[in-house]
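Trainee: This is the structure I want to talk about, given as structure tokens.
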Amino acid sequence: MLIAVNAIGILLIAFVVYWFWLGRRSHSVAANIDEAITITVDGGVYIPAEIHGTVNQAMTLRFYRIDESPCAQSVIFADLGISQDLPLKQSQDLKITCDKAGVFEFTCPMGMYRGKLIISAD
Amino acid sequence: MTTHHHQLALGNMSCASCVKTIESALTDVPGVHSASVNFAEKTATVCGNVDINALIKAVQDAGYDASPFDESQADTQEQQEEAYIKQAYWRTIVAAIVGVPLFVSGTFWPFIPPLSDGLGRILWAFISLIVLFVLWFSAGHMYKGAWKAFKARSANMDTLIAIGTGSAWLYSLGVVIMYYHLPHLAQHLYFDTAALVIAFINFGAALEARARGKTSQAIRRLIGLQAKTARVIRNGEELDIPIEDVILDDHIRIRPGDKIPVDGTILEGESSVDEAMLTGEPIAVSKRAGDDVSAGTINRNGSFIFQATRVGKDTALAHIIDMVRQAQNSKPSIGRLADSISAVFVPIVLIVAVVTALAWFNLGPSPKVIYMLVTSMTVLLIACPCALGLGTPMAIMVGVGKAAEFGILIRNGDALQTAGKLTAVVLDKTGTITEGKPSVTEIITGRGFSEADVLAYASSLEALSEHPLAAAIVDAAKAKALSAATVTDFQAVTGFGVQGTIEGKSVLVGKGKFLLQQQIAIDAFDNAVTGFADNGQTPVFVAVDNALAGIIGIADPIKPDSVAAIRQLQRLGISVTMLTGDNQQTALAVAKQIGITNVVAEVLPQDKLSQIETLQQQGETVGMVGDGINDAPALAKANVGFAIGAGTDVAIESADITLMRDTLLGVPDAIGVSTATVRNIKQNLVGAFLYNTLGIPIAAGILYPLLGILLSPIFAGAAMALSSLTVVTNANRLRFFRPRRQ
Numbered sequence: 001m002l003i004a005v006n007a008i009g010i011l012l013i014a015f016v017v018y019w020f021w022l023g024r025r026s027h028s029v030a031a032n033i034d035e036a037i038t039i040t041v042d043g044g045v046y047i048p049a050e051i052h053g054t055v056n057q058a059m060t061l062r063f064y065r066i067d068e069s070p071c072a073q074s075v076i077f078a079d080l081g082i083s084q085d086l087p088l089k090q091s092q093d094l095k096i097t098c099d100k101a102g103v104f105e106f107t108c109p110m111g112m113y114r115g116k117l118i119i120s121a122d
Numbered sequence: 123m124t125t126h127h128h129q130l131a132l133g134n135m136s137c138a139s140c141v142k143t144i145e146s147a148l149t150d151v152p153g154v155h156s157a158s159v160n161f162a163e164k165t166a167t168v169c170g171n172v173d174i175n176a177l178i179k180a181v182q183d184a185g186y187d188a189s190p191f192d193e194s195q196a197d198t199q200e201q202q203e204e205a206y207i208k209q210a211y212w213r214t215i216v217a218a219i220v221g222v223p224l225f226v227s228g229t230f231w232p233f234i235p236p237l238s239d240g241l242g243r244i245l246w247a248f249i250s251l252i253v254l255f256v257l258w259f260s261a262g263h264m265y266k267g268a269w270k271a272f273k274a275r276s277a278n279m280d281t282l283i284a285i286g287t288g289s290a291w292l293y294s295l296g297v298v299i300m301y302y303h304l305p306h307l308a309q310h311l312y313f314d315t316a317a318l319v320i321a322f323i324n325f326g327a328a329l330e331a332r333a334r335g336k337t338s339q340a341i342r343r344l345i346g347l348q349a350k351t352a353r354v355i356r357n358g359e360e361l362d363i364p365i366e367d368v369i370l371d372d373h374i375r376i377r378p379g380d381k382i383p384v385d386g387t388i389l390e391g392e393s394s395v396d397e398a399m400l401t402g403e404p405i406a407v408s409k410r411a412g413d414d415v416s417a418g419t420i421n422r423n424g425s426f427i428f429q430a431t432r433v434g435k436d437t438a439l440a441h442i443i444d445m446v447r448q449a450q451n452s453k454p455s456i457g458r459l460a461d462s463i464s465a466v467f468v469p470i471v472l473i474v475a476v477v478t479a480l481a482w483f484n485l486g487p488s489p490k491v492i493y494m495l496v497t498s499m500t501v502l503l504i505a506c507p508c509a510l511g512l513g514t515p516m517a518i519m520v521g522v523g524k525a526a527e528f529g530i531l532i533r534n535g536d537a538l539q540t541a542g543k544l545t546a547v548v549l550d551k552t553g554t555i556t557e558g559k560p561s562v563t564e565i566i567t568g569r570g571f572s573e574a575d576v577l578a579y580a581s582s583l584e585a586l587s588e589h590p591l592a593a594a595i596v597d598a599a600k601a602k603a604l605s606a607a608t609v610t611d612f613q614a615v616t617g618f619g620v621q622g623t624i625e626g627k628s629v630l631v632g633k634g635k636f637l638l639q640q641q642i643a644i645d646a647f648d649n650a651v652t653g654f655a656d657n658g659q660t661p662v663f664v665a666v667d668n669a670l671a672g673i674i675g676i677a678d679p680i681k682p683d684s685v686a687a688i689r690q691l692q693r694l695g696i697s698v699t700m701l702t703g704d705n706q707q708t709a710l711a712v713a714k715q716i717g718i719t720n721v722v723a724e725v726l727p728q729d730k731l732s733q734i735e736t737l738q739q740q741g742e743t744v745g746m747v748g749d750g751i752n753d754a755p756a757l758a759k760a761n762v763g764f765a766i767g768a769g770t771d772v773a774i775e776s777a778d779i780t781l782m783r784d785t786l787l788g789v790p791d792a793i794g795v796s797t798a799t800v801r802n803i804k805q806n807l808v809g810a811f812l813y814n815t816l817g818i819p820i821a822a823g824i825l826y827p828l829l830g831i832l833l834s835p836i837f838a839g840a841a842m843a844l845s846s847l848t849v850v851t852n853a854n855r856l857r858f859f860r861p862r863r864q
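Protein chains in written order, with my numbering: chain A, 1 to 122; chain B, 123 to 864.
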């Protein structure tokens with residue numbers, strides 16, 4: 001019993017570490033020049049939470065907020081100096097062109113909803 | 123080719139598969155780039171160069187109804203917030219109606235039969251279903267959020283609440299089902315805990331949303347300044363049209379009391395206009411033909427017609443709204459630490475909860491399972507990343523909004539944070555300390571010349587010059603109704619003056635050095651020149667046919683509240699330096715009048731930048747105050763650049779902080795807002811850190827071995843709801859900020 005409970009506990013901790021930090025996020029989308037990428041804001045997350053693009057690629061991120069929480073009212077790309085209000089249940093387009101490669105996080109003002117814009121050199 | 127976005131309201135949609143059918147129908151319409159249908163909202167968004175009627179027909183041909191989407195039907199943000207708050211109150215009430223009687227029965231007055239009773243078991247089984255209903259009705263959104271976050275390999279507040287309350291309900295259900303198989307001490311039920319925690323959290327969310335709404339009052343007030351219609355004159359006819367339809371160069375009639383709908387220039391008529399909402403200036407400003415007017419300001423008593431020069435998103439008001447909104451959502455570096463902590467906070471709390479359970483299992487007393495459950499549940503429920511995450515953005519939201527109310531536009535959170543740390547402020551003299559409009563203050567004449575002669579000669583030449591002082595001489599001549607004579611052989615000698623021939627006479631106007639170069643003696647006027655300099659006036663020498671005709675004294679009046687503003691800065695312990703292109707003597711005279719001892723005179727525009735660098739090398743945190751155009755490099759180099767008196771100009775783009783009102787008092791006011799906001803952020807962050815770093819170990823039972831204290835999960839839920847509410851309420855205190863006046 002002692003070993004079983006402790007083993008379950010340690011497995012749970014390992015699972016938390018793996019699932020939230022080490023594992024690869026399942027929702028990721030590559031930006032296409034012609035189409036807007038719809039990012040749904042729902043239940044405390046951005047879906048997809050990972051957007052891939054390239055340097056100088058003009059992207060349209062179309063945020064659609066279903067989440068009624070006041071936390072979700074705006075999205076912030078802190079490193080790009082962009083913030084955009086997200087009206088409830090309406091599409092809100094955000095046009096972004098990054099001139100440098102890198103990982104740019106986008107979050108709600110509190111930093112609880114998190115997503116990544118991953119820009120590669122080519 | 124222009125691309126349009128069309129929104130359609132859809133009807134007759136019965137299932138999610140209709141989405142695909144309608145999207146295909148829409149994308150088949152020539153010219154459509156993309157179409158997306160929202161089933162929940164029954165709307166379609168179509169992008170492309172296409173007529174909306176073709177889209178409606180395509181949808182109708184596919185068997186559905188469609189009409190243009192009326193944006194006025196969409197809820198405003200206030201309505202959405204109200205709906206959210208109302209819903210949160212309902213969730214609270216339902217959870218409390220179930221949770222309170224269960225808590226009272228379990229703690230004080232056991233009116234519900236116990237599980238050991240046959241009827242009791244049936245009743246508790248029924249109660250478990252009622253509590254399940256509460257979890258669905260009052261916490262369903264949290265469970266859904268937790269699941270979505272989990273799938274996205276993310277964790278948030280919902281994760282903690284869902285695991286905490288879910289485990290309370292599951293354990294209690296286990297007790298109901300396996301009552302006789304459990305040891306006596308493990309037979310406790312936690313249905314009341316699950317329901318009451320949900321009640322507290324929803325109640326906290328409602329109060330928090332209400333308090334949050336207040337933090338964005340400033341931006342809403344700015345948005346509320348926008349007029350909805352404009353009375354335009356087209357083809358001689360006056361029409362009231364929505365401001366979205368006003369186009370450039372439209373002529374717009376403004377009547378007494380009207381709100382000015384777009385930016386423009388007055389063509390005819392005059393009035394006084396209240397610009398307090400944009401600049402904080404309480405006194406209405408007189409406007410006449412040729413003057414600019416700004417959207418959002420209010421006409422007082424006169425009426426006029428103006429021509430639209432900036433419409434839609436180009437108006438100064440639209441820029442201000444955009445800038446305030448951007449700044450409110452930006453994060454100063456002080457908040458970044460909290461951000462990085464909240465990013466990993468929830469998984470860490472999950473791990474702490476497991477470690478707590480294991481610690482109680484290995485080291486705790488019996489019944490181990492109860493202690494494991496209670497302590498780990500309390501850890502999950504007391505942890506509040508929201509308080510950490512909310513501390514900075516809420517204070518920035520209120521601080522930036524409050525500053526905007528005083529006509530101070532702050533570009534971002536870092537500017538707001540740094541403004542309170544300034545140790546040195548550099549002020550450009552012209553246009554910053556002074557009015558920036560030099561005028562003739564005194565004329566001293568030589569033998570045989572009258573004041574009018576001197577002014578007439580000088581103004582005739584200066585009318586052809588572009589020097590800033592030239593305008594003062596020309597204006598003075600116009601005021602005395604002196605007409606300009608014809609000038610021949612005009613020549614401007616940069617940095618010295620101008621010369622030419624008027625009615626056959628050789629005339630020179632400029633610096634003393636200019637006359638000396640031409641062998642014209644000026645020493646007879648030495649005393650007068652010294653007197654001018656002592657009063658802060660710049661002397662302009664006038665010579666006619668190689669004889670000194672007179673000296674014109676020109677001064678730039680000091681703004682009425684410059685002295686008070688400089689004193690306030692000095693009282694804050696900030697060293698104040700004045701930069702000017704004037705000669706040393708004139709600069710010192712002005713500095714004496716305003717109480718500044720640090721003066722750098724005869725500075726060329728390009729040298730301003732090096733002055734800032736020098737101060738920074740000396741370890742100072744430097745604020746530079748200038749007009750935002752000529753001082754752009756220095757403003758950019760300074761730790762905080764203040765553009766003053768940019769008023770409604772687009773120059774608001776050029777500085778960290780723009781002072782809409784043409785007064786230096788905006789600088790100490792901005793520093794005051796900054797100090798108050800940063801103090802508020804620190805209070806919030808320290809409070810949230812302390813709450814979590816003390817609360818979580820206590821919830822884990824760290825006090826139990828010594829004092830026998832173990833927190834109740836209900837208390838933990840209430841504390842958690844209260845902690846984020848406290849942060850938002852503290853940030854809201856900034857709404858009462860008032861600048862200090864001494």
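Just so it is clear, CB atoms sit at the ideal spot from N, CA and C, and this is done for glycine as well.
As the structure is a computational prediction, the values presented were derived from the model and not from experiment.
At 3 residues or longer, and completely inside the stretch 511-592 of chain B: list those beta strand (DSSP E) runs for me, N to C.
Mentor: You should have 530-532, 546-550, 561-567.
Trainee: With B:Glu330 as the anchor, note down where its beta strand (DSSP E) starts and where it stops.
Mentor: Working through the second sequence from its first residue, we reach residue 330 of chain B at position 208. Counting along the chain, B:Glu330 falls outside any beta strand (DSSP E), though it belongs to the alpha helix (DSSP H) covering 313-337.
Trainee: Using 10 angstroms around the beta-carbon of A:Ser120, count the other beta-carbons present and answer buried if the total reaches 16, otherwise exposed.
Mentor: Walking along the first sequence from the start, residue 120 of chain A turns up at place 120. Per the 10 Å Cβ criterion, exposed.
Trainee: For the stretch 784-816 of chain B, list the alpha helix (DSSP H) runs that are entirely contained and at least 4 residues long, ordered along the chain.
Mentor: Runs of the alpha helix (DSSP H) inside the stretch 784-816 of chain B: none found.
Trainee: In chain order, what residues of the same chain lie with their CB nearer than 7 Å to the CB of B:Gln738, ignoring the 5 residues before and after it?
Mentor: By 1-based counting over the second sequence, the position of residue 738 of chain B is 616. Closer than 7 Å at Cβ, skipping near neighbours: Val744.
Trainee: Just reading off the alpha helix (DSSP H) that B:Ser289 is part of, what are its end residues?
Mentor: Locating residue 289 of chain B in the second sequence gives position 167, counting from the first residue. 279-299 is the extent of the alpha helix (DSSP H) around B:Ser289.
Trainee: Hey, is B:Ser732 close to the ligand ZN, as in C-beta under 7 Å from one of its heavy atoms?
Mentor: Looking at this structure, you won't find the ligand ZN or any other ligand, since it has none at all.
Trainee: Would B:Cys140 pass as an interface residue toward chain A - the criterion being a Cβ-Cβ separation below 8 Å?
Mentor: Against the second sequence, residue 140 of chain B aligns to sequence position 18. Taking Cβ atoms only, chain A never reaches closer than 8 Å to B:Cys140, which makes this a no.
Trainee: By Cβ distance below 8 Å, which residues in the same chain neighbour B:Leu510 in space, the five residues on each side in sequence not counted?
Mentor: The residue you call residue 510 of chain B lines up with position 388 of the second sequence. Around B:Leu510: Ala460, Ile463, Ser464, Phe467, Leu807, Ala810, Phe811, Asn814.
Trainee: Between B:Ile427 and B:Gly391, how many whole angstroms is the CB-CB distance? I'm expecting something under 8 Å.
Mentor: For this step, residue 427 of chain B is matched to residue 305 along the second sequence. For this step, residue 391 of chain B is matched to residue 269 along the second sequence. With 8 Å as the limit, B:Ile427 and B:Gly391 qualify as a contact, their Cβ atoms being about 6 Å apart.
Trainee: Taking Cβ positions, are A:Gly53 and A:Met112 nearer each other than 8 Å?
Mentor: Locating residue 53 of chain A in the first sequence gives position 53, where the first residue counts as 1. Locating residue 112 of chain A in the first sequence gives position 112, where the first residue counts as 1. In this structure, A:Met112 does not lie closer than 8 Å to A:Gly53 by Cβ.
Trainee: Counting contacts by CB-CB distance shorter than 8 Å, is A:Glu78 in contact with chain B?
Mentor: Here residue 78 of chain A corresponds to residue number 78 of the first sequence, with the count starting at 1. Strictly speaking, residue 78 of chain A in this sequence is Ala, with Glu absent from that position. Yes, because at least one Cβ of chain B sits closer than 8 Å to the Cβ of A:Ala78.
Trainee: Going along the chain, which residues of the stretch 363-378 of chain B sit with their C-beta nearer than 7 Å to a C-beta in chain A?
Mentor: The stretch 363-378 of chain B vs chain A, Cβ under 7 Å: nothing.
Trainee: Say whether chain B places a C-beta atom closer than 8 Å to the C-beta of A:Val41.
Mentor: Reading the first sequence from its first residue, position 41 is the one you call residue 41 of chain A. It does not; no Cβ of chain B falls within 8 Å.
Trainee: Give the secondary structure of B:Thr770 by DSSP, where H, G and I count as helix, E and B as strand, and everything else as coil.
Mentor: For the purposes of this step, residue 770 of chain B is taken as the residue at position 648 of the second sequence. Any reading at B:Thr770 needs caution, since the residue's pLDDT is 40, under 50, leaving its predicted position unreliable; the model's value is listed next. The answer is coil: DSSP assigns B:Thr770 none of H, G, I, E or B.
Trainee: Counting beta carbon pairs with one atom in the stretch 444-456 of chain B and one in the stretch 512-526 of chain B, are three or more of them shorter than 8 Å?
Mentor: Contact holds: three or more Cβ-Cβ distances are below 8 Å.
Trainee: Just list the residues that DSSP pairs A:Tyr46 with in beta bridges.
Mentor: What you label residue 46 of chain A is simply residue 46 of the first sequence in a count that begins at 1. A:Tyr46 is bridged to A:Val41.
Trainee: Assuming B:Thr702 contacts B:Lys551 under a Cβ cut-off of 8 Å, what Cβ separation, rounded to an integer in Å, is found between them?
Mentor: Here the question's residue 702 of chain B lines up with position 580 in the second sequence. Here the question's residue 551 of chain B lines up with position 429 in the second sequence. At roughly 4 Å, the Cβ-Cβ gap stays under 8 Å, so B:Thr702 and B:Lys551 are in contact.
Trainee: Which bits of chain A does B:Ser628 rub up against, with CB to CB less than 8 Å?
Mentor: One-based indexing of the second sequence puts residue 628 of chain B at position 506. Going along chain A, no residue has its Cβ under 8 Å from B:Ser628, so there is no contact; the nearest lies around 59 Å.
Trainee: My parser needs the alpha helix (DSSP H) runs of 4 or more residues fully inside the stretch 811-848 of chain B; what are they?
Mentor: Counting whole runs of 4 or more residues, the stretch 811-848 of chain B contains the alpha helix (DSSP H) stretches 826-829.
Trainee: Nearest chain A C-beta to B:Gly769 closer than 8 Å, yes or no?
Mentor: Looking up residue 769 of chain B in the second sequence gives position 647. Since pLDDT at B:Gly769 reaches only 45, below the 50 mark, its modelled position is unreliable, and no value is offered.
Trainee: Out of B:Gly262, B:Ala261, B:Glu397, state which residue places its alpha-carbon closest to the alpha-carbon of B:Arg783.
Mentor: For the purposes of this step, residue 783 of chain B is taken as residue 661 along the second sequence, with counting starting at 1. Ranking B:Gly262, B:Ala261, B:Glu397 by Cα distance to B:Arg783 puts B:Glu397 first.
Trainee: Please state whether DSSP places B:His128 in a helix, a strand or coil.
Mentor: Counting from 1 along the second sequence, the entry for residue 128 of chain B is found at position 6. If DSSP states are grouped into helix, strand and coil, B:His128 belongs with the strands.
Trainee: Can you tell which of B:Gly568, B:Ala601, B:Ala606 has the C-alpha that lies nearest to the C-alpha of B:Ala578?
Mentor: In the second sequence, counting from the first residue as 1, residue 578 of chain B sits at position 456. Closest by alpha carbon: B:Ala606.
Trainee: For B:Ala176, report the span of its alpha helix (DSSP H) as first-last.
Mentor: Residue mapping note: residue 176 of chain B aligns to position 54 of the second sequence, counting from 1. Counting along the chain, the alpha helix (DSSP H) containing B:Ala176 begins and ends at 174-183.
Trainee: Which stretch, first to last residue, makes up the alpha helix (DSSP H) that contains B:Met264?
Mentor: Stepping through the second sequence from its first residue, residue 264 of chain B is reached at position 142. 240-273 is the span of the alpha helix (DSSP H), which, as asked, contains B:Met264.
Trainee: Under 8 Å between beta-carbons, which chain A residues line up against B:Met279? List them in chain order, please.
Mentor: For the purposes of this step, residue 279 of chain B is taken as the residue at position 157 of the second sequence. Chain A residues near B:Met279: Gly44, Met112.
Trainee: By DSSP, does B:Ile215 sit in helix, in strand, or in coil?
Mentor: Indexing the second sequence from 1 puts residue 215 of chain B at position 93. Helix, per DSSP.
Trainee: Name the residue from B:Ile820, B:Thr608, B:Ser581, B:Ala205 whose alpha carbon lies nearest to the alpha carbon of B:Leu829.
Mentor: In the second sequence, residue 829 of chain B corresponds to position 707, counting from 1. Nearest option by C-alpha distance: B:Ile820.
Trainee: Rounded to whole angstroms, what's the CA-CA distance from B:Val491 to B:Ser238? Just pull it up for me.
Mentor: Residue mapping note: residue 491 of chain B aligns to position 369 of the second sequence, counting from 1. Residue mapping note: residue 238 of chain B aligns to position 116 of the second sequence, counting from 1. When rounded, the distance between both Cα atoms is 20 Å.
Trainee: With B:Phe869 as the anchor, note down where its alpha helix (DSSP H) starts and where it stops.
Mentor: Outside the shown range of chain B (123 to 864) lies residue 869 of chain B, about which nothing can therefore be said.
Trainee: What does DSSP give as the partner residue(s) for B:Asp362 in the beta ladder?
Mentor: In the second sequence, counting from the first residue as 1, residue 362 of chain B sits at position 240. According to DSSP, which records beta bridges pairwise, B:Asp362 is partnered with B:Arg353.
Trainee: Would you say A:Ile118 faces chain B, with C-beta separation under 8 Å as the test?
Mentor: Counting from 1 along the first sequence, the entry for residue 118 of chain A is found at position 118. For A:Ile118, the answer is no, since every Cβ of chain B falls outside 8 Å of its Cβ.
Trainee: Just the chain A side, please: which residues come within less than 7 Å of B:Arg334 by C-beta, in chain order?
Mentor: Position 212 of the second sequence holds residue 334 of chain B. Near B:Arg334 (Cβ distances below 7 Å), the residues of chain A are Pro70.
Trainee: Rounded to whole angstroms, what is the Cα-Cα separation between B:Ala773 and B:Ala765?
Mentor: Working through the second sequence from its first residue, we reach residue 773 of chain B at position 651. Working through the second sequence from its first residue, we reach residue 765 of chain B at position 643. Caution applies to B:Ala773, whose pLDDT of 49 falls short of 50 and renders its modelled position unreliable; the value that the coordinates give is listed next. For B:Ala773 and B:Ala765, the distance between alpha carbons rounds to 8 Å.
Trainee: Counting only C-beta atoms, is A:Gly9 closer than 8 Å to chain B at any point?
Mentor: Looking up residue 9 of chain A in the first sequence gives position 9. Interface residue, yes.
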